[in-house]
Amino acid sequence: MGHGERGAAMSEGVLLAALGRCVGQANLLVAPDDVEPYIQDWRGAFRGAALAVACPGTTDEVALVVRACREAGTPVVPQGGNTGMCGGAIPDASGRAVVVAMRRMHRVLDVDAVNDAMTVEAGCVLHHVQEAASAADRYFPLSLAAEGSCQIGGNLATNAGGINVLRYGNARDLVLGLEVVLPDATVWNGLRALRKDNRGYDMKQIFVGAEGTLGIITRAVLKLFPKPASRVSAWLALADPAAAVAVLERLRARCADELVAYELIGRACVDLVLAHVPSARDPFRQQHAWYVLLDFAGAVSEHALREKLETLLAEEADRGDLADAVIAQSLAQREDLWRLRESIPEATRATGPALRSDIAVAVSDIPEFVARATAAVHATMPGVRVVCFGHVGDGNLHFNVLPPALSGARADWAKPLYPMLYDVVDALRGSFSAEHGVGQAKRGELRRYKSEAEIAMMQTLKQAFDPMNLMNPGKIL
Numbered sequence: 002m003g004h005g006e007r008g009a010a011m012s013e014g015v016l017l018a019a020l021g022r023c024v025g026q027a028n029l030l031v032a033p034d035d036v037e038p039y040i041q042d043w044r045g046a047f048r049g050a051a052l053a054v055a056c057p058g059t060t061d062e063v064a065l066v067v068r069a070c071r072e073a074g075t076p077v078v079p080q081g082g083n084t085g086m087c088g089g090a091i092p093d094a095s096g097r098a099v100v101v102a103m104r105r106m107h108r109v110l111d112v113d114a115v116n117d118a119m120t121v122e123a124g125c126v127l128h129h130v131q132e133a134a135s136a137a138d139r140y141f142p143l144s145l146a147a148e149g150s151c152q153i154g155g156n157l158a159t160n161a162g163g164i165n166v167l168r169y170g171n172a173r174d175l176v177l178g179l180e181v182v183l184p185d186a187t188v189w190n191g192l193r194a195l196r197k198d199n200r201g202y203d204m205k206q207i208f209v210g211a212e213g214t215l216g217i218i219t220r221a222v223l224k225l226f227p228k229p230a231s232r233v234s235a236w237l238a239l240a241d242p243a244a245a246v247a248v249l250e251r252l253r254a255r256c257a258d259e260l261v262a263y264e265l266i267g268r269a270c271v272d273l274v275l276a277h278v279p280s281a282r283d284p285f286r287q288q289h290a291w292y293v294l295l296d297f298a299g300a301v302s303e304h305a306l307r308e309k310l311e312t313l314l315a316e317e318a319d320r321g322d323l324a325d326a327v328i329a330q331s332l333a334q335r336e337d338l339w340r341l342r343e344s345i346p347e348a349t350r351a352t353g354p355a356l357r358s359d360i361a362v363a364v365s366d367i368p369e370f371v372a373r374a375t376a377a378v379h380a381t382m383p384g385v386r387v388v389c390f391g392h393v394g395d396g397n398l399h400f401n402v403l404p405p406a407l408s409g410a411r412a413d414w415a416k417p418l419y420p421m422l423y424d425v426v427d428a429l430r431g432s433f434s435a436e437h438g439v440g441q442a443k444r445g446e447l448r449r450y451k452s453e454a455e456i457a458m459m460q461t462l463k464q465a466f467d468p469m470n471l472m473n474p475g476k477i478l
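Now the structure itself:
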């Protein structure tokens, strides 16, 4: 039976009544003002329409909603905290879709400190997951700017990255098991907390990074770690990205387990933050072309950790790659340094329309990428301003470009620059999407840069799991 036949068999009114029975009438949003927050993203870059927003409170209710929508031939759009960057949780403009918002499924179900694992519902806000782990004297290392509002189900569905990937890996490296409602409303329970399980395909990894196109993640078993006894931050000044990579290589050789974050920051980023964030202060009196913000964490005392870092940085200064450094002497100083880094996206948005990218190359290729990409954008549009920052420790950079000052650029001014930038990335065998996913924003890039064999494999998976194309249609593929 095709979409039209199923749609004809169940009117919108009948479907809404069925959904009300699935989740309770109070948890089915249909009034335009109630639906509004769920049909546009937080940046205002993507906007759609929806028949309704269903807010299930249990896995069984998610399955009932999916079954009702399947019987009606109605698309389902899973949504977590709606903090994504590529429109992956926003419905299309047809108004046919039902958004399934996971906000009511926010419980921490179990924390097993002996096994270093915790089980949570998909609607748990990331910060609450971190707090629950900390209360059990454990550490959940996934950390990103939106952690106060993003939800763990969305983090897994997009394979979120963040600042600690260097030491702990991406979201897919932090999940041990999943529970998923499939497009046919079957509930797959893979909530296992095993480190070793070689019984065939690793099914959970099919859903991590799939952006809700193969099913709705409802619960997850997450990997925990011992809580670091101490953490120290330092702000380094360097001449160029090559120096940053050289210092990184030597620090990892000496203390790989203690180096948890290593962020590259161009001078233009600091200037933007100082201009738009009143509380921000420059860590140095003298300006430098590039900076690194790093975090050390370990089981030793903060004093011992700081002494070790001081010794290592003194050695780097003697080698000539390090122009200057400041080590935070208190929690307040550490927070000030990280506020500088975390305020860059906010300061960039304050300048108006910009080219924003989320690319990845091999760490060893970062200097070449920055040089080639900078030269290419300046050659294409003289006067533009490059704002480059990111997680250099894992090769993920946000290479952003602002229009010439006082240019009065239109919202789409940067559109011609994207293919040129992504061609540079592709020439270095990199990725046009490192941690933000594909969603609806980068479907064209997927077709352009993925091989035909990879696209065919992805289409085969989608057809096998979702032959009616009702699960978050129009995303990725």
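Under my numbering, the letters of the sequence shown match residues 2 to 478, in that order. Glycine is no exception: its CB is placed at the ideal position from the N, C-alpha and C atoms. Computed from a predicted model, the values in this text were never measured in an experiment.
Just the Cα atoms here: how many angstroms apart are residue i and residue j?
i	j	result
A53	P76	11 Å
L471	D325	55 Å
L225	A281	33 Å
Y419	L356	8 Å
G210	R286	43 Å
R335	R200	45 Å
N38	A55	According to the sequence provided, residue 38 is Pro. The question's Asn does not apply to it. Computed Cα separation, rounded: 13 Å.
F141	D203	22 Å
R139	S302	17 Å
L422	N160	23 Å
G391	G14	48 Å
D322	G58	54 Å
L16	P346	41 Å
C389	D319	27 Å
T214	P474	7 Å
R340	V278	10 Å
G191	E455	26 Å
H304	F297	12 Å
L429	R350	28 Å
D241	R232	26 Å
H379	A262	30 Å
What does the Cβ neighbour count give for residue i, buried or exposed, with the cut at 16 atoms within 10 Å?
i	result
T120	buried
H399	buried
S365	exposed
D359	buried
L223	buried
T60	buried
N513	Nothing can be reported for residue 513: it is not among the residues displayed for the chain, which extend from 2 to 478.
P405	exposed
E6	Residue placement at E6 is flagged as unreliable, the pLDDT there being 43, under the threshold of 50; a coordinate-derived value is accordingly withheld.
V385	buried
P468	exposed
A45	It is worth fixing the name first, because residue 45 is Gly in this sequence and not Ala. Classification of G45: exposed, given that the 10 Å Cβ count is below 16.
L310	buried
S12	exposed
S461	Looking at the sequence provided, one finds Thr at residue 461 rather than Ser. Looking at its Cβ environment, which holds fewer than 16 other Cβ atoms inside 10 Å, T461 is exposed.
R104	buried
K205	buried
T219	buried
R307	buried
G155	buried
Candidates the options: which alpha carbon is nearest residue i's?
i	options	result
I207	G216, N199 and W339	G216
A51	E62, G45, V36 and D61	V36
A94	V385, F47, T59 and Q131	F47
V246	V293, A410 and V233	V293
P33	G49, G21, G45 and L20	G49
V78	V371, R320 and L183	L183
V393	G163, T187 and A18	G163
I266	S331, V378 and V387	V387
V439	L332, I153, L403 and E212	E212
V274	R342, P57, A221 and A377	R342
P92	D42, A123 and G58	D42
G85	C256, V109, A158 and A276	A158
S344	I367, A257, D283 and A380	D283
C87	G445, A415 and A221	G445
By Cβ distance, which residues of its chain are closer than 7 Å to residue i, with the 5 residues on each side in sequence left out?
i	result
D427	Y450
A361	G396, N397, G431, S432 and A435
Enumerate in chain order the residues of its own chain whose CB-to-CB distance from residue i is below 6 Å, with the five nearest sequence positions on each side excluded.
i	result
L65	C23
L252	L260
H4	With a pLDDT of 46 at H4, under the threshold of 50, the modelled position of this residue cannot be trusted, and the question is left open.
V109	V121 and A133
A9	Note that A9 scores a pLDDT of 44, beneath 50, so its modelled location is shaky; the value from the coordinates is reported in the next line. Correct list: empty, nothing qualifies.
Report the CB separation of residue i from residue j in whole angstroms; it is logged as a contact under 8 Å.
i	j	result
A69	L30	In fact, because the Cβ distance is near 16 Å, the residues do not count as touching under 8 Å.
L295	L332	Actually they do not touch by this definition, with Cβ atoms about 16 Å apart.
G124	Q152	5 Å
Excluding sequence positions up to five away, which residues of its chain have a Cβ less than 8 Å from the Cβ of residue i?
i	result
V425	F370, R373, A374 and A377
A244	W291, D322 and L323
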